[in-house]
Amino acid sequence: MEKNGIWEEYWKVAAFMVDTDQRIRLRSMADVFQELANNHANYWNVGFERMKSSGRFWVLNRQAIEFLTWPHWEQPLRVESWISMMKGPFSLRHFAAFNESDEVMVKASYLWTSIDHATKKPIAYPAGDFPIVEERDFDLPRPYKFRLSGEPIASQTYTVRDSDLDIIGHTNNAIYLEWVTNAIHSMEIDIQKIDANYVGESFLGEEIAITILGNEDGKHAATITNSKDLELFRMIIS
């Protein structure tokens, strides 16, 4: 349901959403946010089917997710989503997940781009009457464009599978997060915040490489490339 431009849903962290520590997976949290974005867009008639009929689709460009507290198995969540900017081909959408005491556990910001299906280039989409919520009573992470630094400390290859694909036919954006978390699983890296740039596409059967980078300050990052050494995704782990 929507109230004052803010879309709200209630979720319960299910067993299939958590890891062996009963903590929600990064990919699962991203899936929840994706579902809210889809439902809110459908409510205002700018969802997948409407975009498809006009020869457009939304792609995720930049992303920032911050965990103040990680949700756990069977925890009830109230999750909100809202738009703070729609300009030209761009839409800035935010998310917040609250516990039973109305405390923010997770907050996120995504920058989406409207893409022309034929040319694969950004194309303006009329905002219409979509409500804009510019301020909330808590700070939000801001997605931004960045370059990576650091030395490779681990790498692995992977072949894109059918289960990795979304309804557009390319790899689902949340899968890139899963690939990185799988790659760092044995490294005991505690994720509190991620910043991500989506810069390319991958498709069924493609071989991709996930490379983990380490910096002198102890921070880590990841880059995902295809067999032509073209970068598809980059992420900073804080």
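Last residue of the sequence shown? That's 246 in the numbering used here, and every number before it is there in order.
For each residue, glycine too, the CB sits at the ideal point set by N, CA and C.
Note that the structure is a prediction, hence the values are computed from the model and not measured.
Judged by beta-carbon spacing, R35 lies beyond the 8 Å limit of T179, meaning their Cβ atoms are not closer than that value. Taking 8 Å as the cut-off, the Cβ atoms of V141 and S92 count as close.
Around the Cβ of Y18, a 10 Å sphere holds fewer than 16 other Cβ atoms; the residue is exposed.
A Cβ-Cβ distance of about 7 Å is found for the pair I199 and F75, placing them in contact under the 8 Å criterion.
Bridge pairing for N234: I216 [DSSP]. Excluding five sequence positions before and after A204, the CB atoms of its chain that fall closer than 6 Å to its own CB belong to Q71 and M243, given in chain order. Looking at the DSSP output, N205 bridges to R70 and R242. With contacts defined as CB atoms closer than 8 Å, I197 and I123 fail to qualify as a contacting pair.
Beyond the five residues adjoining it in sequence on each side, L221 comes within less than 8 Å, by CB distance, of L156, S157, G158, E159, P160, I161, H228, A229, A230 and T231 in the same chain, given in chain order. With contacts defined by Cβ atoms closer than 8 Å, E209 and S235 do not form a contacting pair.
Contiguous alpha helix (DSSP H) elements confined to the region 14-54 occur at 34-51, taking only those with 4 or more residues. Considering only T28, N50 and S117, the residue with the shortest C-alpha distance to D147 is S117. For L156, the three-state secondary structure derived from DSSP is coil. A distance below 7 Å between beta-carbons, with the five flanking residues on each side excluded, links N69 to the following residues of its chain, in chain order: L119, W120, T121 and Y206. If you look at A182, you'll find it in the alpha helix (DSSP H) that goes N181 to A191.
A direct Cα-to-Cα measurement between M9 and E143 gives close to 20 Å.
Cβ atoms of E111 and I14 stay farther apart than 8 Å, at about 17 Å. Distance from the CA atom of V21 to the CA atom of V40, rounded to whole angstroms, is 10 Å. Here the alpha carbon of D27 sits roughly 22 Å from the alpha carbon of S163.
Shown here, M59 sits in a helix according to DSSP, grouped into three states. Remark: C-beta atoms of A217 and T167 do not approach each other more closely than 8 Å. In this structure, DSSP gives M94 an extended state, which the three-state scheme calls strand.
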